[in-house]
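Sequential numbering from 79 applies to the sequence shown in the numbering used here. All residues carry an ideal CB built from backbone N, CA and C; glycine is no exception.
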Amino acid sequence: MLHLRFFLSSPGDVADERTFAQQVIEQELPKDPLLRGQITCEAMRWDDPAAPVSMPATLSPQDAVNRGLAKPSECDAVIVILWSRLGTRLPDTCTRPDGSPYLSGTEWEYEDALAAKPPPFILVYHRKGKPDFGDPNDPDFDERVQQFRRVKAFFDRFRNPDGSLKGGYAEYDTPQEFRDRLRLDLRAFVEHQLAAGKTDARAPRIKAPPPYGRIVKALNSGMVVPIIGNGISHSGRPPDVRWNPQELRFLPSGAELSLFLADDTEFPSEKERDQLAEVASYYEAFHTRDALHERLRQILAPQAVAGVAIPSLYGFLAEVSRPLLIITSNYDTQIEQAFRAAQRPYDLVVYSELKDLGNAVLWWPHGAAQPQTPAPNELYIDLDTTTVIFKMHGSILPETSEWDSFVITESDYVELLSRIASKSAIPALFATHCRDRNLLFLGYSLRDWSFRTILQSLNRFFAKRSAAAGDDEIQSWAIDDQFSELELKFWQKRGVYPYEVTIDEFVRTLRSRMTP
Numbered sequence: 079m080l081h082l083r084f085f086l087s088s089p090g091d092v093a094d095e096r097t098f099a100q101q102v103i104e105q106e107l108p109k110d111p112l113l114r115g116q117i118t119c120e121a122m123r124w125d126d127p128a129a130p131v132s133m134p135a136t137l138s139p140q141d142a143v144n145r146g147l148a149k150p151s152e153c154d155a156v157i158v159i160l161w162s163r164l165g166t167r168l169p170d171t172c173t174r175p176d177g178s179p180y181l182s183g184t185e186w187e188y189e190d191a192l193a194a195k196p197p198p199f200i201l202v203y204h205r206k207g208k209p210d211f212g213d214p215n216d217p218d219f220d221e222r223v224q225q226f227r228r229v230k231a232f233f234d235r236f237r238n239p240d241g242s243l244k245g246g247y248a249e250y251d252t253p254q255e256f257r258d259r260l261r262l263d264l265r266a267f268v269e270h271q272l273a274a275g276k277t278d279a280r281a282p283r284i285k286a287p288p289p290y291g292r293i294v295k296a297l298n299s300g301m302v303v304p305i306i307g308n309g310i311s312h313s314g315r316p317p318d319v320r321w322n323p324q325e326l327r328f329l330p331s332g333a334e335l336s337l338f339l340a341d342d343t344e345f346p347s348e349k350e351r352d353q354l355a356e357v358a359s360y361y362e363a364f365h366t367r368d369a370l371h372e373r374l375r376q377i378l379a380p381q382a383v384a385g386v387a388i389p390s391l392y393g394f395l396a397e398v399s400r401p402l403l404i405i406t407s408n409y410d411t412q413i414e415q416a417f418r419a420a421q422r423p424y425d426l427v428v429y430s431e432l433k434d435l436g437n438a439v440l441w442w443p444h445g446a447a448q449p450q451t452p453a454p455n456e457l458y459i460d461l462d463t464t465t466v467i468f469k470m471h472g473s474i475l476p477e478t479s480e481w482d483s484f485v486i487t488e489s490d491y492v493e494l495l496s497r498i499a500s501k502s503a504i505p506a507l508f509a510t511h512c513r514d515r516n517l518l519f520l521g522y523s524l525r526d527w528s529f530r531t532i533l534q535s536l537n538r539f540f541a542k543r544s545a546a547a548g549d550d551e552i553q554s555w556a557i558d559d560q561f562s563e564l565e566l567k568f569w570q571k572r573g574v575y576p577y578e579v580t581i582d583e584f585v586r587t588l589r590s591r592m593t594p
């Protein structure tokens with residue numbers, strides 16, 4: 079699967095276009111019938127409602143954007159949109175190599191993309207309608223006119239002295255017309271990228287071992303946040319053994335659970351039977367939400383998986399002496415079982431999609447029989463002294479189905495992303511904790527919706543992770559038995575070091591190096 083990053087560059091006067099562009103990139107292209115299942119797309123946008131770039135008072139806006147997002151030159155495509163403004167002039171400390179100033183951050187972003195070797199795919203759009211400059215007596219009138227002239231001067235660079243075009247750009251009349259044109263342009267770009275990818279030979283690569291010593295040090299000091307994906311279901315399972323719901327020896331992978339639900343509900347599309355979010359949505363629509371919950375409980379409840387071996391990773395994490403924040407997107411209770419077996423106390427925090435609770439999370443302090451329901455920004459736990467398991471996509475609860483919660487359908491993920499945008503999904507305490515710690519991704523795949531929501535919520539921590547701790551890089555790592563070429567590139571672009579090793583082998587080596 080191909081993952082593409084699109085950088086949106088524009089001033090704030092084309093807000094509608096920026097919103098439309100993000101919708102085309104992240105919602106329409108991945109669901110295009112001709113592209114579906116082949117791509118994932120990400121809009122790099124400083125004002126992304128789901129992950130806005132923080133604007134410290136000590137930094138210029140452009141410096142803040144450069145710290146919070148990947149640069150245009152690091153993305154696959156750059157989309158420049160202009161109308162009445164070129165944008166705010168950059169400080170005198172930010173100049174071209176020849177000393178000349180950049181007239182705005184948008185101009186800097188365009189030239190950063192242009193100077194890359196090779197450059198990303200660059201699309202430039204210009205709204206044609208003349209803006210309303212307002213009352214000539216308004217003190218800002220002259221500035222508005224000057225901004226419009228700067229936009230005109232920007233487009234003059236696309237013409238030769240004789241008036242002929244030396245570079246292409248597209249003009250449009252309305253934001254909706256822009257959306258339609260952008261959709262066509264990006265579809266053509268994606269199709270070209272897919273065709274080029276099919277002809278690329280897979281280059282041989284050397285598999286370096288993970289930096290076990292550094293990871294052990296981070297674990298022993300409590301400076302790492304394990305983030306566990308569905309790939310953990312392959313722990314202890316021979317490669318040729320498939321999940322059998324009639325003989326539960328292992329937990330199902332996301333694809334296996336999807337196929338099971340598809341069979342259960344006679345899902346009509348053969349091509350999309352392994353897409354869990356879509357299959358679960360169909361199950362809910364043609365049965366009920368309660369029926370979907372009950373079916374998941376029959377498969378994943380502790381009583382149903384009593385004979386399933388606990389993944390080695392869970393037992394290892396329960397042995398770590400320092401308190402940890404552990405984030406998981408899995409619904410089962412095996413990690414809790416591992417901590418109970420090791421007699422290690424922990425607090426359990428669960429994201430809940432239950433409407434009766436509003437935006438509250440479920441919090442079981444260690445030993446509590448019933449949960450507390452604080453708002454995410456009101457939760458307080460001393461993370462220096464308390465291990466916390468945060469189940470970001472809900473969970474089965476052992477004793478009763480009363481608190482069962484699942485982020486599994488497409489609408490569930492949309493709701494989660496909406497709550498991430500409004501900062502009502504992830505406790506602020508956890509977001510702050512992640513800021514200056516190593517992130518350890520275990521068993522994540524680009525095909526998983528769960529991966530994409532985790533990525534969205536932690537997006538701010540990928541770029542320029544040294545900003546919170548001087549000049550020292552805050553390393554993060556991704557561990558899985560195999561990455562595609564795309565996944566390797568994806569992680570590397572975000573400053574995350576990917577290592578190909580099975581989770582079980584990774585755990586064995588870590589355990590052998592931990593201080594007794």
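Can you give me the Cβ contacts of Trp-569 inside the same chain, cut-off strictly under 6 Å, excluding the 5 residues immediately before and after it? Ala-556 and Pro-576
Pick helix, strand or coil for Gln-26, following the three-state DSSP scheme. Residue 26 is absent from the model: the chain starts at 79 and stops at 594.
Check the C-beta distance from Phe-226 over to Pro-209 and give it rounded, since I have them as a contact under 8 Å. 7 Å
Count the other CB atoms within 10 Å of the CB of Asn-408; is the residue buried (16 or more) or exposed (fewer)? buried
Which residue marks the beginning of the alpha helix (DSSP H) containing Thr-97, and which one marks its end? It spans 93-101 - the alpha helix (DSSP H) in which Thr-97 sits, taken as one unbroken run.
Through-space distance from Glu-583 to His-471, alpha-carbon basis: 27 Å
Beta-carbon within less than 8 Å of Ile-581's beta-carbon, same chain only, minus the 5 sequence neighbours each way: which residues are those? The residues are Gly-309, Ile-310, His-312, Ser-313, Pro-389, Ser-390, Leu-391, Leu-520, Gly-521, Ile-557, Asp-558 and Asp-559.
From the DSSP secondary-structure annotation, give me the bridge partner or partners of Ala-556. Phe-519 and Pro-576
Could you check which residue in Thr-411, Gly-90, Arg-572 and Cys-153 has the C-alpha nearest to that of Asp-125? Gly-90
Inter-residue spacing [alpha-carbon to alpha-carbon] between Thr-97 and Ala-148: 19 Å
Applying the criterion that 16 or more other CB atoms from any shown protein chain within 10 Å of the CB defines a buried residue, is Phe-219 buried or exposed? exposed
Is DSSP giving Ile-504 helix, strand or coil here? coil
On the CB-based measure, 16 or more other CB atoms within 10 Å of its CB, does Leu-112 come out buried or exposed? exposed
Is the CB-CB distance between Leu-326 and Val-386 below 7 Å? yes
Could you tell me if the beta carbon of Pro-449 falls within a distance shorter than 6 Å of some heavy atom in the ligand COA? Ligands displayed in this structure: none; no statement on the ligand COA is therefore possible.
Hey, Ile-305 and Ile-405: beta-carbon distance below 7 Å or not? Their beta carbons are under 7 Å apart, which means Ile-305 touches Ile-405 by this criterion.
Cβ contact check for the region 181-196 and the region 158-166: 3 or more pairs under 8 Å: Output reads yes: the region 158-166 touches the region 181-196.
Let's see if you can read the secondary structure: which residues bound the beta strand (DSSP E) around Leu-426? For Leu-426, the enclosing beta strand (DSSP E) starts and ends at 425-429.
Exposure label - Leu-82; buried when at least 16 CB within 10 Å: Label assigned to Leu-82: buried.
To which residues does DSSP link Ala-155 through a beta bridge? Bridge partners of Ala-155: Phe-84 and Phe-199.
For Thr-463, does the three-state DSSP call read helix, strand or coil? coil
Inspect the CB distances between the region 330-341 and the region 435-454 and report whether three or more fall short of 8 Å. Touching, no, given that fewer than three Cβ pairs across the two stretches are closer than 8 Å.
For Ile-26, the first and last residue of its enclosing alpha helix (DSSP H): As displayed, the chain neither begins before 79 nor continues past 594, which places residue 26 out of reach and without an answer.
Confirm, please, whether the CB-CB distance from Arg-123 to Gln-101 is below 7 Å. no
With distances taken between CB atoms, is the gap from Ile-200 to Ser-88 smaller than 7 Å? When the beta-carbon positions are compared, Ile-200 and Ser-88 stay at least 7 Å from each other.
7 Å is my cut-off, CB to CB: does Ile-557 come that close to chain E? Within the model displayed, chain E is absent; a lone protein chain is all it includes.
So what does Tyr-484 bridge to, in DSSP terms? What sits at residue 484 in the sequence shown is Phe, not Tyr. BP columns for Phe-484 point to Gly-472.
Excluding the five sequence neighbours on either side, which residues of its own chain have a C-beta within less than 7 Å of the C-beta of Glu-269, listed in chain order? none
If you run the structure through DSSP and keep just helix, strand and coil, what is Cys-119? strand
Rank Gln-412, Ile-498 and Gln-105 by C-alpha distance to the C-alpha of Phe-394 and give the top, closest one. Of Gln-412, Ile-498 and Gln-105, the residue nearest in Cα terms is Gln-412.
Which residue marks the beginning of the alpha helix (DSSP H) containing Glu-414, and which one marks its end? 412-419
Find out if the Cβ-Cβ distance for the pair Asp-76, Leu-378 is shorter than 7 Å. Examination of residue 76 is not possible in this model, given that the chain is present from 79 through 594 alone.
What are the boundary residues of the alpha helix (DSSP H) that Leu-192 is part of? 183-193
Does Ile-388 come out as helix, strand or coil in the three-state DSSP assignment? coil
Alpha helix (DSSP H) containing Tyr-250: first to last residue? Unbroken run through Tyr-250 is the beta strand (DSSP E), 248-250; no alpha helix (DSSP H).
So what does His-204 bridge to, in DSSP terms? Leu-160 and Glu-249
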